[in-house]
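Structure, as structure tokens:
Protein chains: 2
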Amino acid sequence: MTDTASSEQALDVDPRVERSRRVILSAALDVLAEVGYGGLTIEAVAARAGVGKSTVYRHWSGKLDLVDDAICTLKSAIFPTAGSVRERVTAFLGQVAAAMANSTWSRCLPAIIEAAERDPETMNIHRRLAGERRQLLIDLLAEGVATGAVPAGTDLGLLADCLVGPIILRRLLLHEPVDDATVRQLVDQILGPASSD
Amino acid sequence: MTDTASSEQALDVDPRVERSRRVILSAALDVLAEVGYGGLTIEAVAARAGVGKSTVYRHWSGKLDLVDDAICTLKSAIFPTAGSVRERVTAFLGQVAAAMANSTWSRCLPAIIEAAERDPETMNIHRRLAGERRQLLIDLLAEGVATGAVPAGTDLGLLADCLVGPIILRRLLLHEPVDDATVRQLVDQILGPASSD
DNA sequence: TCTGAACGAAACGCTGGCGTATCGCTGTGA
DNA sequence: TCACAGCGATACGCCAGCGTTTCGTTCAGA
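Protein sequences appear in the order of chains Y and H.
Under our numbering, the first residue of the first sequence is numbered 1, with each subsequent residue one higher.
Under our numbering, the first residue of the second sequence is numbered 1001, with each subsequent residue one higher.
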């Protein structure tokens, strides 16, 4: 723990500071998921974290600063798998769909979108995080071009959006989940029917 | 909650009432677009509408009631066009993309998503409105099945989501617009390359 | 014409969150 | 061992928005 933590924040060595930051950021995500960005208050975050609100103000200047930091702690929970490119794309989308159904990220997503709409800095953070996840899929699809699973000359960014977009749409607009069968159907639709190798 | 059957109220009421409702609902959408759901206050809506806040409370029970009603006034701005099914699908998506770039609906969308996430009634309203727009495209695609432009046996709901999803994703997650060239590229990707019939 | 409903403005008490300051306690690191 | 930084708690004045009420004016419609 000490070794791994020192690599991330060598300056904040006082474990009390590290602990405060950790529980407050976690509480901030909880509150964000529950009441949204507009409903989030410093007092609620402090109460949820079990700290005094002076401790929150000791580390962040205010709500926007805290939320921006909290959003950055939302790491991608997508793990690489084995198999053909097609199998890995399917697994990737399955993980996205599962995360949409139940994850801190999904619960915070409406609040993040709202916050990003109101503040340019938050938008940049969100755009960067979304772009990083997207790039994982694009890289995978590029590998598919090499193996012939994806036609050469395809716009891989657009292709990635065609794969992920429907899942996002169903989560945010239609408010319905995407199950594994639908994911497979989706891959068939976008990448063409499965070959029989 | 006030007048359930008043979505298209043509019945004669006091013109002062009709006028108040109209300017207040319009102001509510403006405020919603500007500060989001959490930031919307009755006082701001009243001030924007140029009415006393007692007039707002005279017609709605509170913020949630008002916002629900305001959302319902957001009608689809998609107009039917002529041409082949493929041309009409392209035109449809072009209108969706244009609306995403600049429309009251797009500006309110993050706030609506946020509100729908917090209140079941709002979610139902949003789901219904989104479903109605989606059905327009599904009907168009069904026509495409009849003419052979869309393969029989395709899940038209999923196909529609594959067409619209990328536009939504780019608006809400990547924060970048979709131009006409990309729309055409998208149609090529989903419906296959253009035939020459 | 005349009655009453709808209106705008303003004031009401109230609540809750703001950001700051102070205090005594505790754990850290030299 | 010990000085001190970080801590929780609490209280502060402040203000925005809440939802209600009152009141004088305006305008619709019988």
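The C-beta atom is built at its ideal place from N, Cα and C for all residues, glycine as well.
- The segment 45-59 of chain Y makes contact with the segment 24-32 of chain Y: 3 or more CB pairs, one atom from each, lie closer than 8 Å.
- Neighbours of Val1164/H across chain Y, judged by C-beta separation under 7 Å: Leu169.
- Using a Cβ distance threshold of 8 Å, Val23/Y and Leu40/Y do not count as a contacting pair.
- Interface residue (Cβ-Cβ distance to chain H less than 8 Å): Met100/Y is not classified as such.
- Distance between Ser1020/H and Asp1065/H, taken at the CA atoms: about 16 Å.
- If you compare the alpha carbons of Gly94/Y, Arg127/Y, Ala77/Y, Arg118/Y with that of Ala181/Y, the shortest gap goes to Gly94/Y.
- Of all residues in the segment 119-139 of chain Y, those with a C-beta nearer than 8 Å to a C-beta of chain H are Met123, His126, Arg127, Ala130, Gly131, Arg134, reading in chain order.
- For Ala1152/H, the closest alpha carbon among the candidates Ala1101/H, Glu1087/H, Leu1141/H, Ala1160/H is that of Leu1141/H.
- Chain H has a Cβ within less than 8 Å of the Cβ of Ala111/Y.
- Val178/Y sits buried, since 16 or more C-beta atoms from the chains shown fall within 10 Å of its C-beta.
- Between Ala99/Y and Ala116/Y, the gap from beta carbon to beta carbon reaches 8 Å or more.
- Cβ atoms of Cys1162/H and Cys162/Y come within 8 Å of each other, at about 6 Å.
- Counting of Cβ neighbours within 10 angstroms places Arg16/Y among the exposed residues, the total staying below 16.
- With respect to the C-alpha of Ile1190/H, the residue from Cys1108/H, Arg1118/H, Asp1155/H, Asn1124/H having the closest C-alpha is Asp1155/H.
- Ranked by how close their Cα comes to the Cα of Gln135/Y, the residues Leu158/Y, Gly52/Y, Gly62/Y have Leu158/Y in first place.
- Annotation for Val164/Y: Leu93, Val96, Arg134, Leu137 place their beta carbon closer than 8 Å to its own, counting only its chain and skipping 5 residues before and after.
- Chain-ordered, the chain H residues with CB closer than 8 Å to the CB of His175/Y read Ala1116, Met1123, His1126, Arg1127.
- Distance from the CA of Arg1086/H to the CA of Pro193/Y, rounded to the nearest whole angstrom, comes to 22 Å.
- Taking C-beta separations shorter than 8 Å and ignoring five residues to either side along the sequence, the partners of Ser1106/H in its chain run Ala1099, Met1100, Arg1171, following chain order.
- Non-local C-beta neighbours of Asp119/Y in its own chain, meaning closer than 7 Å and more than five positions away in sequence, comprise Leu64, ordered along the chain.
- The CB of Thr1182/H comes closer than 8 Å to the CB of Leu158 in chain Y, given here in chain order.
- Minimum Cα-Cα distance from Glu1143/H among the listed residues Val1035/H, Ala1070/H, Ala1160/H, Val1051/H corresponds to Ala1160/H.
- Those residues of the segment 41-68 of chain Y placed with their C-beta closer than 8 Å to a C-beta in chain H do not exist.
- In this structure, Leu1129/H keeps its C-beta atom at 8 Å or more from the C-beta atom of Cys1108/H.
- Contacts with chain Y at 8 Å (Cβ-Cβ) do not include Gln1095/H.
- For Leu186/Y, the closest Cβ of chain H is nearer than 8 Å.
- Here Asp1161/H carries a helix assignment [DSSP, helix/strand/coil].
- Residues of chain H with a Cβ closer than 8 Å to the Cβ of Leu172/Y are, in chain order, Ile1113, Ile1168, Leu1172.
- Membership of His126/Y in the alpha helix (DSSP H) is indicated by the continuous run 120-147.
- Within the same chain, no Cβ atom closer than 6 Å to the Cβ of Leu1173/H is found once the five residues on either side in sequence are excluded.
- Rounded to the nearest whole angstrom, the C-alpha separation of Thr1122/H and Gly1148/H is 39 Å.
- Here Glu114/Y is near Gly36/Y, since their CB atoms are less than 8 Å apart.
- In the displayed model, Glu1176/H falls within coil according to three-state DSSP, outside both helix and strand.
- The criterion of a C-beta distance shorter than 8 Å is not satisfied by Ile168/Y and Leu1025/H.
- According to the DSSP assignment, Gly1039/H belongs to the alpha helix (DSSP H) that extends over 1015-1039.
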